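Heads up: the structure comes next, in structure tokens.
Numbering (this note's numbering), first residue to last: 6 to 395.
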């Protein structure tokens with residue numbers, strides 16, 4: 006992750022601008038003096054820079070929660086703030102000049118809003134969850150130019166590697182998204198996906214609630230898949246295979262194909278290594294046989310005016326409140342010059358969304374963007390409205 010190690014953090018007067026980078030406000034952690042968030046707007050992206058005060062120095066980096074799709078925009082923001090505040094930089098991994106043109110001028114990398122506002126439905130869609138090196142995803146896109154591929158990954162070096170290959174291979178049927186695939190599935194229209202690839206997901210043996218394969222993920226997969234569409238799981242973990250099989254077979258009606266050590270057209274470098282180690286590879290393929298109803302999600306993320314005091318809001322820090330079908334956890338509290346801000350996790354238990362709620366005067370809003378429009382998030386929003394103004 007791009008960052009600057011600096012001798013001492015210096016706060017500027019907000020708002021401020023350095024070239025085209027705008028710094029809107031600063032939010033100070035209400036419970037820990039060593040953390041601040043700086044609101045940034047640049048090239049259509051709104052996000053936070055995170056300040057961590059350490060012994061004898063400080064760290065300035067991007068906030069993971071609001072990190073924009075383009076890492077180039079983070080680079081520009083870090084360097085702009087350092088220049089504006091005249092920071093003394095001890096160490097940096099941020100290039101002064103962008104060396105990788107694929108990070109600066111890229112159209113394949115999309116934000117979640119692109120799909121939420123107007124999901125592409127002109128052609129068949131195939132989705133790969135956690136594409137890693139991208140070897141399989143790039144091969145499939147090159148072999149099937151009339152199909153739109155969507156690759157979902159949260160590991161930035163993997164994303165950058167695939168973006169470079171998209172440009173080199175001149176692929177125009179492949180989009181990349183840095184997002185939680187479990188949440189993404191909730192906005193995909195029904196009956197448009199031909200295949201969903203989940204190849205070698207993290208087993209999460211100690212945190213099974215974080216697994217991609219779950220009852221809710223399978224339900225969404227069945228909805229978005231076309232008739233005869235397929236969800237393909239491929240794993241080297243016998244535990245994950247056994248768990249997934251039991252999860253699939255628990256449905257009242259399902260069609261499964263099971264394979265062991267099946268050869269496929271292209272393999273990842275990790276699979277090549279596991280085969281040399283003579284590890285078993287398991288495939289579970291679910292075939293969808295039914296057409297689903299169209300996706301309809303009604304509701305908005307509007308707030309009423311704040312009725313509680315700022316002290317009441319800040320007192321929510323650390324609390325977890327549950328409702329039927331989900332929860333809200335108030336992770337962190339921040340103070341602004343003229344308001345407060347809360348960092349939340351909310352939604353369903355197995356696929357929560359993490360976000361900020363900004364309160365200025367009596368106005369309440371999500372920042373920098375509202376949550377993904379899903380049934381679970383709308384339920385959580387309705388409950389949050391009651392908590393803030395109950």
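C-beta atoms are modelled at their ideal positions from N, C-alpha and C, and glycine is treated no differently. Bear in mind the structure is a predicted one, so any value in this text is a computation, not a measurement.
Exposure label - residue 6; buried when at least 16 CB within 10 Å: exposed
- DSSP three-state call for residue 375: helix, strand or coil? coil
Have a look at residue 271 and residue 277 and give me their C-alpha separation to the nearest angstrom.
-> 10 Å
- Alpha carbon to alpha carbon, how far is residue 203 from residue 243? Give it in angstroms, no decimals. 15 Å
Original post:
Cβ of residue 111 within 8 Å of Cβ of residue 197?
Top reply: no
query = According to the neighbour-count rule (16 or more other Cβ atoms, all chains shown, within 10 Å of its Cβ), is residue 323 buried or exposed?
reply = exposed
Excluding sequence positions up to five away, which residues of its chain have a Cβ less than 6 Å from the Cβ of residue 201? 132, 226 and 236
>> With the cut-off set at 8 Å, would you say residue 158 and residue 136 are in Cβ contact?
In response: yes
Exercise. Sorted by chain position, which residues of the same chain lie with C-beta nearer than 7 Å to residue 380's C-beta, five sequence neighbours on each side aside?
Worked result: 302
Quick test of your reading: residue 279 and residue 241, contact by CB under 8 Å. State the CB separation rounded to the nearest angstrom. 5 Å
- Item | Among 378, 217 and 95, nearest to residue 9 - alpha-carbon criterion | 95
Looking only at its chain, what residues have a beta carbon closer than 6 Å to the beta carbon of residue 296, apart from the 5 residues adjacent to it on each side? 196 and 232
_From 392, 44 and 93, residue whose alpha carbon lies closest to that of residue 313_ = 392
Would the region 22-31 count as touching the region 40-47 if we require 3 or more Cβ pairs under 8 Å?
yes
_Beta bridge counterpart(s) of residue 21 as assigned by DSSP_ = 28
Exercise for review: Check residue 10 in the structure and name its three-state DSSP category.
Suggested key: strand
Excluding sequence positions up to five away, which residues of its chain have a Cβ less than 8 Å from the Cβ of residue 252? 218, 219, 220 and 223
On the criterion of 16 or more Cβ atoms from any shown chain inside 10 Å, does residue 207 qualify as buried, or is it exposed? exposed
*Write down the C-beta distance between residue 358 and residue 347 rounded to the nearest angstrom, noting that I regard them as a contact closer than 8 Å.*
The Cβ separation is near 14 Å, so there is no contact.
The region 48-59 in contact with the region 119-127 per 3-pair CB rule at 8 Å:
no
**Report entry** Span of the beta strand (DSSP E), counted from its first residue to its last, around residue 97
**Finding:** 94-97
Requested in this report: Could you tell me which of 249, 34 and 288 sits nearest to residue 264, measuring between CA atoms?
Outcome: 288
Worksheet entry | Under 8 Å between C-beta atoms of residue 179 and residue 171 | yes
Are there 16 or more other CB atoms within 10 angstroms of the CB of residue 234, so buried, or fewer, so exposed? buried
query = Which first and last residues belong to the alpha helix (DSSP H) in which residue 216 is found?
reply = Note, residue 216: premise wrong, no alpha helix (DSSP H); not H, not E.
Where do the N-terminal and C-terminal ends of the alpha helix (DSSP H) with residue 249 fall, by residue?
-> 243-254
(message) Let's see if you can read the secondary structure: which residues bound the alpha helix (DSSP H) around residue 166?
(response) 161-174
Distance CB(residue 17)-CB(residue 84) smaller than 8 Å: no
Who pairs with residue 67 in a beta bridge, going by DSSP?
54
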